[in-house]
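Asks: Residue numbering for the sequence shown follows my numbering, starting at 95 and increasing by one per position.
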Amino acid sequence: MHLDKFIPIFQDLLQRDEPVFATDTLADMEEWDSLAIMALIAWFDKNCNLHLTFPDCKALRTVADVAALAKIRA
95 MHLDKFIPIF
105 QDLLQRDEPV
115 FATDTLADME
125 EWDSLAIMAL
135 IAWFDKNCNL
145 HLTFPDCKAL
155 RTVADVAALA
165 KIRA
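(1) Just mark A136 as buried or exposed, buried being the case when its beta carbon has 16 or more other beta carbons within 10 Å.
(2) If we ignore side chains and look at the alpha-carbon of each, how far apart do K99 and A161 end up?
(3) If D118 and T156 are in contact, beta carbons under 8 Å, what's the gap, nearest whole angstrom?
(4) Ordered along the chain, which non-local residues of its own chain (more than five positions away) have a Cβ less than 7 Å from that of A158?
(5) What number of angstroms, rounded off, separates the C-alpha of H96 from the C-alpha of L154?
The structure is reproduced here in structure tokens:
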């Protein structure tokens with residue numbers, strides 16, 4: 095999957111109306127909360143067969159960090 099296809103998926107997981115960019119810092123997004131993290135965990139489990147934990151997700155700093163987990167290409 096290319097980064098340009100992942101960005102809208104991630105934006106939807108966050109239920110965010112504003113655009114999301116690869117360089118955005120997760121801590122600066124008010125939508126980056128426990129519900130968004132649980133949605134991300136479920137998405138990775140279903141789509142990438144990658145079993146993340148809550149601490150794994152809390153350690154992520156940027157949208158690019160999230161994309162890198164799925165080995166997404168720019």
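Ideal Cβ positions, reconstructed from N, Cα and C, are used throughout, including at glycine.
Replies: Working from what's here:
(1) Numbered from its first residue, the sequence shown carries residue 136 at position 42. With fewer than 16 other Cβ atoms within 10 Å, it is exposed.
(2) Numbered from 1 along the sequence shown, position 5 holds the residue referred to as residue 99. Numbered from 1 along the sequence shown, position 67 holds the residue referred to as residue 161. For K99 and A161, the distance between alpha carbons rounds to 10 Å.
(3) Against the sequence shown, residue 118 aligns to sequence position 24. Against the sequence shown, residue 156 aligns to sequence position 62. Confirmed, Cβ separation roughly 6 Å.
(4) For this step, residue 158 is matched to residue 64 along the sequence shown. Correct list, in chain order: A116 and T117.
(5) Within the sequence shown, the letter at position 2 stands for residue 96. Within the sequence shown, the letter at position 60 stands for residue 154. Whole-angstrom Cα-Cα distance: 19 Å.
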